[in-house]
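Read through the structure below, which is laid out as structure tokens, and then see the notes.
Number of protein chains: 2
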Amino acid sequence: MIYNKLTAEEAADFIKNDDLIGFSGFTAAGCPKVITMALAVKAENEHAKGNPFKVGIYTGASTGDSIDGVLSRAHAIKFRTPYQSNKDMRTELNNHEAHYFDLHLSELPQYLRYGFLAKPKFAILEACDITDDGKIYLTSAVGIAPTVARIADYIFIELNKYHPKALTGMHDIYEPADPPVRREIPICSPDDRIGVPYIQVDPKKIIGVVETNLPNEVGGFTPSDEVTNKIGENVASFLSAEMKAGRIPLSFLPVQSGVGNIANAVLGAMGANKDIPPFSIYTEVIQDSVISLMKEGNVTFASGCSLTLSTPALEEVYKNLDFFKDRMVLRPQEISNSPEIARRLGLISINTALEADIFGNINSTHVVGTKMMNGIGGSGDFCRNAYLSIFTTPSVAKGGKISAIVPMVAHVDHSEHSVKILVTEHGVADLRGLSPIQRAEVIIENCVDPLYKGLLRKYLTLGQKGHTPQNMMTALSFHQAFNETGDMRNVNWE
Amino acid sequence: MIYNKLTAEEAADFIKNDDLIGFSGFTAAGCPKVITMALAVKAENEHAKGNPFKVGIYTGASTGDSIDGVLSRAHAIKFRTPYQSNKDMRTELNNHEAHYFDLHLSELPQYLRYGFLAKPKFAILEACDITDDGKIYLTSAVGIAPTVARIADYIFIELNKYHPKALTGMHDIYEPADPPVRREIPICSPDDRIGVPYIQVDPKKIIGVVETNLPNEVGGFTPSDEVTNKIGENVASFLSAEMKAGRIPLSFLPVQSGVGNIANAVLGAMGANKDIPPFSIYTEVIQDSVISLMKEGNVTFASGCSLTLSTPALEEVYKNLDFFKDRMVLRPQEISNSPEIARRLGLISINTALEADIFGNINSTHVVGTKMMNGIGGSGDFCRNAYLSIFTTPSVAKGGKISAIVPMVAHVDHSEHSVKILVTEHGVADLRGLSPIQRAEVIIENCVDPLYKGLLRKYLTLGQKGHTPQNMMTALSFHQAFNETGDMRNVNWE
Numbered sequence: 004m005i006y007n008k009l010t011a012e013e014a015a016d017f018i019k020n021d022d023l024i025g026f027s028g029f030t031a032a033g034c035p036k037v038i039t040m041a042l043a044v045k046a047e048n049e050h051a052k053g054n055p056f057k058v059g060i061y062t063g064a065s066t067g068d069s070i071d072g073v074l075s076r077a078h079a080i081k082f083r084t085p086y087q088s089n090k091d092m093r094t095e096l097n098n099h100e101a102h103y104f105d106l107h108l109s110e111l112p113q114y115l116r117y118g119f120l121a122k123p124k125f126a127i128l129e130a131c132d133i134t135d136d137g138k139i140y141l142t143s144a145v146g147i148a149p150t151v152a153r154i155a156d157y158i159f160i161e162l163n164k165y166h167p168k169a170l171t172g173m174h175d176i177y178e179p180a181d182p183p184v185r186r187e188i189p190i191c192s193p194d195d196r197i198g199v200p201y202i203q204v205d206p207k208k209i210i211g212v213v214e215t216n217l218p219n220e221v222g223g224f225t226p227s228d229e230v231t232n233k234i235g236e237n238v239a240s241f242l243s244a245e246m247k248a249g250r251i252p253l254s255f256l257p258v259q260s261g262v263g264n265i266a267n268a269v270l271g272a273m274g275a276n277k278d279i280p281p282f283s284i285y286t287e288v289i290q291d292s293v294i295s296l297m298k299e300g301n302v303t304f305a306s307g308c309s310l311t312l313s314t315p316a317l318e319e320v321y322k323n324l325d326f327f328k329d330r331m332v333l334r335p336q337e338i339s340n341s342p343e344i345a346r347r348l349g350l351i352s353i354n355t356a357l358e359a360d361i362f363g364n365i366n367s368t369h370v371v372g373t374k375m376m377n378g379i380g381g382s383g384d385f386c387r388n389a390y391l392s393i394f395t396t397p398s399v400a401k402g403g404k405i406s407a408i409v410p411m412v413a414h415v416d417h418s419e420h421s422v423k424i425l426v427t428e429h430g431v432a433d434l435r436g437l438s439p440i441q442r443a444e445v446i447i448e449n450c451v452d453p454l455y456k457g458l459l460r461k462y463l464t465l466g467q468k469g470h471t472p473q474n475m476m477t478a479l480s481f482h483q484a485f486n487e488t489g490d491m492r493n494v495n496w497e
Numbered sequence: 004m005i006y007n008k009l010t011a012e013e014a015a016d017f018i019k020n021d022d023l024i025g026f027s028g029f030t031a032a033g034c035p036k037v038i039t040m041a042l043a044v045k046a047e048n049e050h051a052k053g054n055p056f057k058v059g060i061y062t063g064a065s066t067g068d069s070i071d072g073v074l075s076r077a078h079a080i081k082f083r084t085p086y087q088s089n090k091d092m093r094t095e096l097n098n099h100e101a102h103y104f105d106l107h108l109s110e111l112p113q114y115l116r117y118g119f120l121a122k123p124k125f126a127i128l129e130a131c132d133i134t135d136d137g138k139i140y141l142t143s144a145v146g147i148a149p150t151v152a153r154i155a156d157y158i159f160i161e162l163n164k165y166h167p168k169a170l171t172g173m174h175d176i177y178e179p180a181d182p183p184v185r186r187e188i189p190i191c192s193p194d195d196r197i198g199v200p201y202i203q204v205d206p207k208k209i210i211g212v213v214e215t216n217l218p219n220e221v222g223g224f225t226p227s228d229e230v231t232n233k234i235g236e237n238v239a240s241f242l243s244a245e246m247k248a249g250r251i252p253l254s255f256l257p258v259q260s261g262v263g264n265i266a267n268a269v270l271g272a273m274g275a276n277k278d279i280p281p282f283s284i285y286t287e288v289i290q291d292s293v294i295s296l297m298k299e300g301n302v303t304f305a306s307g308c309s310l311t312l313s314t315p316a317l318e319e320v321y322k323n324l325d326f327f328k329d330r331m332v333l334r335p336q337e338i339s340n341s342p343e344i345a346r347r348l349g350l351i352s353i354n355t356a357l358e359a360d361i362f363g364n365i366n367s368t369h370v371v372g373t374k375m376m377n378g379i380g381g382s383g384d385f386c387r388n389a390y391l392s393i394f395t396t397p398s399v400a401k402g403g404k405i406s407a408i409v410p411m412v413a414h415v416d417h418s419e420h421s422v423k424i425l426v427t428e429h430g431v432a433d434l435r436g437l438s439p440i441q442r443a444e445v446i447i448e449n450c451v452d453p454l455y456k457g458l459l460r461k462y463l464t465l466g467q468k469g470h471t472p473q474n475m476m477t478a479l480s481f482h483q484a485f486n487e488t489g490d491m492r493n494v495n496w497e
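Order-wise, the sequence lines are chains A and B. When we follow my numbering, the leftmost residue of the first sequence carries the number 4, and every step to the right adds one. When we follow my numbering, the leftmost residue of the second sequence carries the number 4, and every step to the right adds one.
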């Protein structure tokens, strides 16, 4: 190998206050791990000396604790985009200690290329292999790696032996040209390959290689329960009925599914439903449930941006790469989340809402309208352009003190126009072709918990005259009541 | 001609209560005119006899008064989608007399093909020519005509001699296949032609032809004034500076521009700016200002869905078709508004906001959160996928009693994620890469009217802790104050 071997500390030493860094990875999969740990120590030392030390961070999506966690606890993050899910990072951005720019995940690479965000000085990439002529083979995710590798001035590689070199070939690296000379992205089926299996860079940009041998820091997901299983069954029954009604082709359509225990329950229920044929996946995050469905023959192919698998599931994939490499591809998020492809393929998109309102708007990000949870992620890329966009949520939280369905969401991430179907454990609201008042009626009837049906029906009678009968005095009263009393039912409408 | 010649009354007689009708046209351009007039008379006669008579209506966008106006006044509309701008139609839908489904304009054709909305029994198309083998040549717009012509059971043609047969060749008719066999839409430049100049139907579906000779019912737009001119100059200066900074290519990018006097002022200012080179247009509505800019050589090509021109401007185009047919193409709205194409071409999209908030969300549709003005139209198709999405609005209305910029918009059509630049007569807020609190600061500083700067700065101090410091008690207080006192400044924050 022609490259300098560095320790993590030596690499971190190149990075100065105010520098911008772009990372490989998407979720905790495929993220570098050791240089940022060393960088956090460096930041703490600088802070102890009274020196400022903060960096700006571009990632694919969320990261492992070794990026967002350690750097947040060291108060070393000045700017962060496009998505995070780390407890300490969340605290920093909600306190305005770090400026967080929440962005549709497909857009970050072009935002960087267009010059809308300053270009990163450094790219730090986790690789399973690298050649002397500058071919970088990534590990278990792609994210924004191709773009930051190309536009950064300098590159560090974390060469991670935990990921086998036999992974090469799993990735399909393609970066579109920019307007006015951009062409179509030539994917017409989830298994179409359009690029090359590596990132090509100028070897002179690679400052050095840090060798590691560390697994991904993928956290466990909450297991399914009665509520999520019922949501899964409701989605599966709805899709099967749509197919019978001729509104979904008998060969079915590719599925995009969000992350977490509801998504796992939905995919599980779809696999168990005898009427739904084996289907393909075109999504960002490939979760454990996809691997199970693939082994059972219920999922025929999965295109994603990351293998966000538990350690046992990832090791199973790595032991059976001959099987899985024929059935999977990992793409840059600009392609996995491409609006162009989502619409062309006709995705069935299934994402989780934090909060919905009776008129069909969705809050995916802001707890009680102010605190950022994680970010919009890919949900907007997919739902706006999907063939059929489905949002799921348990109808209540905190033992009924919170209704997930309110008069007006306290923050809108997906407008009424992006939401075709809403599903809770109580049922399915099909919003297609309905006016706002019709949507309110079907959502209250089919999806709202009995604890809140009466209140929401009463709210409709308070509505001011017009197409969408909101009431500006009381539209946010559920949130006010929660802030003041800890229970949304304590609204004051006198 | 092999087709039956009918009177408008004879044609209207085929249409029964509860029938669904799809129309050609986009805005008042290219819409049928006489069959719906006769249908309104029929509806009134039926109502006088005590019989129900209402129909469902699919159009391209808004229509002339002869569709939405006369049918609304006859209370003959049961269902309406996807956009309207008629005073009487607006009254009907805000009173819930007609159910209105507000939809991104690019989505209606596939909504119909997918079976998400019931298929129309009748298509009524305005044509400048028709052949015995079923080739229909449209007039001054396309809209949803190709799709409704194909899926409707029966077709009526209004053969309108006002529009010259020499118009043939102006249209580029292309209807994509549906998933899972859809391919790329092969447009890589605004002047690419991908289809044929006519709609091909089975001649047996054509029940009859009604001959007419009527101009389009395009209303006049409010002329530019000092405020709109200043907005135009602010946009043009901003774009010129972006070009100099290397964030817009020196060859410039295709422009999409909304409808109305602000849009005219913006295009005028861009044409007058010496630093902006001649540019192309990829939009839905081609307005008078485009024709002027084209004659002056400042616009090189215009792709649109309609020629929404004043009668003198349309007649000028018709007298000089040799010149204009080389420089213009009319497309179905599924193509003119295609998210795939907007992103590939890298549009600079410029649309008007009804209301914006300090965090960068846009309300395009709902007056004080409840009353529908027109509909979302194509603004969502374009702004979400544009290279650079700009929203414009005068900072105040009603002599200062309304601030166009509020703490929280009362209805969200375009979330913070779809809005890159906000422009008022006071200045430009560049929101790219900013966190919510940073956006609030730049919007208040650069765009808000002095009448409201203090109030909005004070609002920020009321904000609850978190990423987006809204306050659920007072977020909608500007709207409450307006509803109660007629002036947003009378907020009560004690």
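Just so you know, even glycine gets a beta-carbon here, dropped at the ideal spot from N, CA and C. Note that this is a predicted model, so its numbers are computed, not measured.
Discussion item. When you compare the CB of residue 181 of chain B with every CB in chain A, is at least one pair closer than 8 Å?
Written reply: The sequence position of residue 181 of chain B within the second sequence is 178, counting from 1. It does; some Cβ of chain A falls within 8 Å.
Fill in: Residue range of the beta strand (DSSP E) that includes residue 125 of chain A
What you label residue 125 of chain A is simply residue 122 of the first sequence in a count that begins at 1. 125-133 is the extent of the beta strand (DSSP E) around residue 125 of chain A.
Fill in: Reduced DSSP secondary structure (H/G/I, E/B, other) of residue 355 of chain B
The sequence position of residue 355 of chain B within the second sequence is 352, counting from 1. In this structure, residue 355 of chain B counts as strand in the three-state DSSP scheme.
Worksheet item: Does DSSP put residue 61 of chain B in a helix, a strand or coil?
Response: Walking along the second sequence from the start, residue 61 of chain B turns up at place 58. Three-state DSSP puts residue 61 of chain B in a strand.
Item to complete: Have a look at the DSSP bridge pairing and note the partners of residue 310 of chain A.
Response: Mapped onto the first sequence, residue 310 of chain A falls at position 307. A:289, per the DSSP bridge assignment.
Worksheet entry | Cross-chain neighbours of residue 415 of chain B in chain A, by beta carbon under 8 Å | For the purposes of this step, residue 415 of chain B is taken as residue 412 along the second sequence, with counting starting at 1. Within 8 Å Cβ-Cβ: 364, 415 and 418.
Worksheet item: By the criterion of Cβ-Cβ separation under 8 Å, what are the contact partners of residue 342 of chain A in chain B?
Response: Start at 1 with the first residue of the first sequence, and residue 342 of chain A comes out as number 339. Those within 8 Å of residue 342 of chain A in chain B are 342, 343, 346, 387 and 388.
Worksheet entry | Whole-Å CB distance - residue 407 of chain B paired with residue 356 of chain B, under 8 Å assumed | Taking the second sequence and counting its residues from 1, the one referred to as residue 407 of chain B is at position 404. Taking the second sequence and counting its residues from 1, the one referred to as residue 356 of chain B is at position 353. Contact holds; Cβ gap of about 7 Å.
Discussion item. Would residue 200 of chain A and residue 285 of chain A be called neighbours here (beta carbons separated by less than 8 Å)?
Written reply: As a position in the first sequence, residue 200 of chain A is number 197, starting the count at 1. As a position in the first sequence, residue 285 of chain A is number 282, starting the count at 1. Cβ atoms of residue 200 of chain A and residue 285 of chain A: not closer than 8 Å.
Discussion item. Relative to the C-alpha of residue 217 of chain B, which candidate in B:340, B:31, B:252 and B:56 has its C-alpha closest?
Written reply: The count along the second sequence starts at 1 and reaches residue 217 of chain B at position 214. The option with the nearest alpha carbon to residue 217 of chain B is B:31.
Item to complete: Report all residues from its chain with a CB closer than 7 Å to the CB of residue 449 of chain A; omit the five preceding and five following residues, and keep chain order.
Response: As a first step, residue 449 of chain A is located in the first sequence; it is residue number 446 there, counting from the start. 429, 430, 431 and 432, listed in sequence order.
Item to complete: May I have the straight-line CA-CA distance separating residue 492 of chain B from residue 484 of chain B, to the nearest angstrom?
Response: The residue you call residue 492 of chain B lines up with position 489 of the second sequence. The residue you call residue 484 of chain B lines up with position 481 of the second sequence. Distance between the alpha carbons of residue 492 of chain B and residue 484 of chain B is about 7 Å.
Worksheet item: How would you call residue 1 of chain A, buried or exposed, if buried means at least 16 neighbouring beta carbons within 10 angstroms?
Response: Nothing in the structure corresponds to residue 1 of chain A, since chain A is present only between 4 and 497.
Discussion item. So that I know if they touch, is there some Cβ in chain A lying closer than 8 Å to that of residue 483 of chain B?
Written reply: Numbered from 1 along the second sequence, position 480 holds the residue referred to as residue 483 of chain B. Chain A contact via Cβ: present.
Worksheet item: Going by the CB atoms, is the gap between residue 269 of chain B and residue 8 of chain B shorter than 8 Å?
Response: The count along the second sequence starts at 1 and reaches residue 8 of chain B at position 5. The count along the second sequence starts at 1 and reaches residue 269 of chain B at position 266. For residue 8 of chain B and residue 269 of chain B, no; Cβs fall outside 8 Å.
Item to complete: Could you pull the start and end residues of the alpha helix (DSSP H) that residue 153 of chain B belongs to?
Response: Reading the second sequence from its first residue, position 150 is the one you call residue 153 of chain B. Here the alpha helix (DSSP H) through residue 153 of chain B covers 148-154.
Worksheet item: Going by the CB atoms, is the gap between residue 110 of chain A and residue 347 of chain B shorter than 8 Å?
Response: Locating residue 347 of chain B in the second sequence gives position 344, where the first residue counts as 1. Locating residue 110 of chain A in the first sequence gives position 107, where the first residue counts as 1. No. Outside cutoff.
Worksheet item: Using 8 Å as the threshold, is the region 374-394 of chain B in touch with the region 436-454 of chain B, meaning 3 or more CB pairs across them?
Response: no
Worksheet item: Mind pulling the chain A residues with CB within less than 8 Å of residue 468 of chain B?
Response: Counted from its first residue, the second sequence places residue 468 of chain B at position 465. Those are 97, 98, 373 and 374, listed as they occur along chain A.
Practice prompt. For residue 77 of chain A, count neighbouring Cβ atoms within 10 angstroms of its own Cβ and tell me buried if that reaches 16, exposed if not.
Written response: Here the question's residue 77 of chain A lines up with position 74 in the first sequence. By the neighbour-count rule (16 or more Cβ atoms within 10 Å), residue 77 of chain A is buried.
Worksheet item: From which residue to which residue does the alpha helix (DSSP H) around residue 87 of chain B run?
Response: Indexing the second sequence from 1 puts residue 87 of chain B at position 84. Run containing residue 87 of chain B: none; DSSP gives neither H nor E here.
Worksheet entry | Close Cβ partners of residue 176 of chain A (< 6 Å) along its chain, the five nearest in sequence each way excluded | Working through the first sequence from its first residue, we reach residue 176 of chain A at position 173. Counting only Cβ-Cβ distances below 6 Å, and skipping sequence neighbours, we find 149, 198, 199 and 202.
Worksheet item: What residues from chain B crowd round residue 120 of chain A, counting only those whose CB sits closer than 9 Å?
Response: Start at 1 with the first residue of the first sequence, and residue 120 of chain A comes out as number 117. Those within 9 Å of residue 120 of chain A in chain B are 435 and 436.
Discussion item. If I follow the unbroken beta strand (DSSP E) through residue 260 of chain A, where does it start and stop?
Written reply: Position 257 of the first sequence, counting from 1, holds the residue named residue 260 of chain A. 258-260 is the span of the beta strand (DSSP E), which, as asked, contains residue 260 of chain A.
Discussion item. Would you say residue 290 of chain B lies against chain A (beta-carbon separation less than 8 Å)?
Written reply: In the second sequence, counting from the first residue as 1, residue 290 of chain B sits at position 287. Judged by the 8 Å Cβ criterion, residue 290 of chain B is not in contact with chain A.
Practice prompt. Would you mind sorting residue 422 of chain B into buried or exposed? The rule is 16 or more other CB atoms within 10 Å of its CB.
Written response: Along the second sequence, one-based indexing puts residue 422 of chain B at 419. Residue 422 of chain B comes out buried.
Fill in: residue 57 of chain A, buried or exposed, once every other Cβ within 10 Å from all chains shown has been counted against 16
As a working note, residue 57 of chain A is residue 54 in the first sequence. Buried is the call here.
Item to complete: Would you list the one or two residues that DSSP bridges to residue 201 of chain B?
Response: As a working mapping, residue 201 of chain B is identified with position 198 in the second sequence. Residue 201 of chain B is not bridged to any residue.
Discussion item. I'd like to know if residue 254 of chain A contacts chain B, where contact means its C-beta is closer than 8 Å to some C-beta of that chain.
Written reply: Here residue 254 of chain A is taken as the residue at index 251 of the first sequence, counted from 1. Closer than 8 Å to some Cβ of chain B, the Cβ of residue 254 of chain A qualifies, so yes.
Worksheet item: Do you know how far the Cα of residue 73 of chain B is from the Cα of residue 151 of chain B?
Response: Within the second sequence, residue 151 of chain B is the residue found at index 148, counting from 1. Within the second sequence, residue 73 of chain B is the residue found at index 70, counting from 1. Approximately 22 Å, taken between the alpha carbons.
Practice prompt. Taking residue 78 of chain A as the query, report the chain B residues whose CB atoms sit under 9 Å from its CB, ordered along the chain.
Written response: For the purposes of this step, residue 78 of chain A is taken as residue 75 along the first sequence, with counting starting at 1. Correct list: empty, because the minimum Cβ distance to chain B is about 16 Å.
Fill in: Residue span of the alpha helix (DSSP H) that contains residue 392 of chain B, given as start and end
Residue 392 of chain B sits at position 389 when you count from the first residue of the second sequence. Looking at the DSSP string, residue 392 of chain B is not in any alpha helix (DSSP H); the run it does join, the beta strand (DSSP E), is 391-395.
Worksheet entry | CB contact check: residue 475 of chain B to chain E, cutoff 8 Å | Note that chain E does not occur in the displayed structure, where the protein chains are A and B.
Worksheet item: Could you give the residue range of the beta strand (DSSP E) that holds residue 220 of chain B?
Response: Mapped onto the second sequence, residue 220 of chain B falls at position 217. No beta strand (DSSP E) holds residue 220 of chain B; DSSP gives it neither H nor E.
Practice prompt. For the beta strand (DSSP E) containing residue 184 of chain A, list its first residue and its last residue.
Written response: Taking the first residue of the first sequence as 1, we reach residue 184 of chain A at position 181. Counting along the chain, residue 184 of chain A falls outside any beta strand (DSSP E), and DSSP gives it neither H nor E.
Worksheet item: At what residues does the beta strand (DSSP E) containing residue 411 of chain B begin and finish?
Response: By one-based count along the second sequence, residue 411 of chain B stands at place 408. Unbroken run through residue 411 of chain B: none, as it is neither H nor E.
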